[in-house]
Amino acid sequence: MRLRSTTMGIPMKTSRYELLLIAFRLFLKKGYEQTSMRNLVAASGLSKGAFHHYFQRKGDLLDACIEHFFSRFLPHVEDASHSHFAELVEDSAQQYLALLRELHRLDIPPPAYQRFVWSLLPDHAAEFEQRQELIANRLVQLAEQDLADGILQTPNSAQSLALQAMAIIEGLGILASASPNTAFSTLEAQFRQGISDYLANLRS
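Position one of the sequence shown corresponds to residue 123 (my numbering), numbered consecutively onward.
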């Protein structure tokens, strides 16, 4: 992918998002550590100065990729937007599906995305763990409330329910990622059915 340019080699149109996508594709293909700023500038078709107008460092691009292709697809748990356990589970599942849909739209193989995320863990473990802990704590809080009110009918503890929900969502996502030859509409239906069945079992 190269940005449109005039005959003088000066880009006519570019955007931060276009550079972000170029960088993300390179990170997926070569790995973050193996991708240099020279590689990124060359792939963009911009001069070094023009490229640095958007991103000064490779680390800035990585931060932007994490935000755009990971963090923004996590549910917001800092506010009171979820009143019940099922609402947060369903929202988390919807966000994961939105991520898979975006990868499908951009023709990015989910397994490559999964490898990229796992490769970031050594240097970003604390950040990822903190975000997961926030979600888990909110799930526990809502599960405790719904168990006390009789909305959830299960002998499992709130902590177990939170762990199960996160594992099921991640597991369904991995199964979807491991089925590249299956139509996305089918994968989406299977994902939704898995979540629906899980929640139905907690109400029976």
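Even for Gly, the Cβ is constructed at its ideal location relative to N, Cα and C.
Can you tell me whether residue i is buried or exposed, with buried defined as 16 or more other CB within 10 angstroms of its CB?
{"i": "Pro244", "result": "exposed"}
{"i": "His204", "result": "buried"}
{"i": "Ile296", "result": "exposed"}
{"i": "Gly268", "result": "In the sequence under discussion, the amino acid at residue 268 is Asp, which differs from the Gly named in the question. Classification for Asp268: buried."}
{"i": "Ala208", "result": "buried"}
{"i": "Ser282", "result": "exposed"}
{"i": "Ala265", "result": "buried"}
{"i": "Thr157", "result": "buried"}
Measuring CB to CB, does residue i end up less than 8 Å from residue j?
{"i": "Ile144", "j": "His206", "result": "no"}
{"i": "Leu276", "j": "Leu321", "result": "It is worth fixing the name first, because residue 276 is Thr in this sequence and not Leu. Not closer than 8 Å, so no."}
{"i": "Leu196", "j": "Ile290", "result": "no"}
{"i": "Leu141", "j": "Phe177", "result": "yes"}
{"i": "Pro232", "j": "Leu242", "result": "no"}
{"i": "Ile317", "j": "Val211", "result": "yes"}
Rounded to the nearest angstrom, how far is the Cβ of residue i from that of residue j, given a contact under 8 Å?
{"i": "Leu225", "j": "Glu310", "result": "The pair is not a contact, with the Cβ atoms about 12 Å apart (cut-off 8 Å)."}
{"i": "Phe149", "j": "Phe238", "result": "6 Å"}
{"i": "Phe306", "j": "Leu294", "result": "Contact flag wrong, Cβ pair sits at about 14 Å."}
{"i": "Leu184", "j": "Tyr139", "result": "That belief does not hold up - the Cβ atoms of Leu184 and Tyr139 are roughly 16 Å apart, past 8 Å."}
Whose C-beta lies closer than 6 Å to the C-beta of residue i among residues of the same chain, with five residues either side of it excluded?
{"i": "Val262", "result": "Ala280, Gln281, Ala284"}
{"i": "Gln315", "result": "none"}
{"i": "Lys336", "result": "Residue 336 lies beyond the residue range present for the chain, which begins at 123 and ends at 326; the question has no answer from this structure."}
{"i": "Phe173", "result": "Val163, Ser166"}
Among the residues of its own chain, which have a CB less than 8 Å from the CB of residue i, if the five just before and after it don't count?
{"i": "Met288", "result": "Ser214, Gln254, Ile257, Ala258, Leu261"}
{"i": "His246", "result": "Ile188"}
{"i": "Thr129", "result": "For Thr129, the predicted structure reports a pLDDT of 30, less than 50, and the residue's modelled location is therefore unreliable. A value from the coordinates is still provided. So the list is empty, once near-sequence residues are dropped."}
{"i": "Pro302", "result": "Pro231, Pro232, Pro233"}
{"i": "Glu200", "result": "Leu256"}
Note down, in chain order, each residue of its chain lying with its Cβ closer than 7 Å to the Cβ of residue i, except the 5 sequence neighbours on either side.
{"i": "Lys170", "result": "Val163"}
{"i": "Gln217", "result": "Phe195, Leu196, Pro197"}
{"i": "Ser299", "result": "Pro232, Pro233, Gln236"}
{"i": "Glu292", "result": "none"}
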